[in-house]
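Novice: Residue numbers (my numbering): -18 to 108. Even for Gly, the Cβ is constructed at its ideal location relative to N, Cα and C. What follows is a structure written as structure tokens; I'll ask about it next.
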């Protein structure tokens, strides 16, 4: 999925994922692995130290897909919120963090992120 997303785009990667999901003998869809792939696209710390550049469009697509595949996962929405924030999409980021908190009210990282986003909004001269 990750290589296809990077080289051929979101539509081709989605088609591949749909095909892989049907092959339950050889392929197991895993929320944690999808999440890790999203962070790897962001260029975050990972065991392979790749990619060297930040691939935010691919990261956002991966995290978004993870929320669709695992809609009851607070962590999937939290991670998507983080990626949106790093990509500068602050309104959408706050929406994802709020959804994450609805799924897990004890998510301290999500609470902190929302407070930081509110502070950024207050200090934004365009507001």
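Are there 16 or more other CB atoms within 10 angstroms of the CB of residue 54, so buried, or fewer, so exposed?
Specialist: Buried, by the Cβ-count rule.
Novice: Given residue 39, which residues of its chain have a CB within under 6 Å of its CB, disregarding the five upstream and five downstream residues?
Specialist: Only -14, -13, 22 meet the Cβ criterion.
Novice: Output the boundary residues of the alpha helix (DSSP H) element that contains residue 70.
Specialist: First-last for residue 70: undefined, no H or E at that position.
Novice: Straight-line CA distance for residue 6 to residue -2?
Specialist: Taking the straight line joining both Cα atoms gives about 14 Å.
Novice: Pull up the distance between the alpha-carbon of residue 66 and that of residue 10, whole angstroms please.
Specialist: Residue 66 and residue 10: Cα-Cα distance of roughly 26 Å.
Novice: Using a Cβ-Cβ cut-off of 8 Å (strictly less than) and excluding sequence neighbours within five positions of residue 45, which residues of its own chain qualify?
Specialist: 61.
Novice: Could you name the residues of the same chain whose beta carbon sits closer than 7 Å to that of residue 74, not counting the 5 residues immediately before and after it, in chain order?
Specialist: Around residue 74: 62, 65, 66, 98.
Novice: Taking residue 44 as part of the alpha helix (DSSP H), name the residues at either end of that continuous run.
Specialist: Residues 37 to 50.
Novice: So, for residue -6: in the same chain, excluding its five sequence neighbours on each side, which residues have a beta-carbon less than 6 Å away from its beta-carbon?
Specialist: Excluding positions up to five away in sequence, the list reads -18, -15, -14.
Novice: Do you know whose CA, among 77, 18, 20, 43, lies nearest residue -9's CA?
Specialist: Per the Cα distances, 43.
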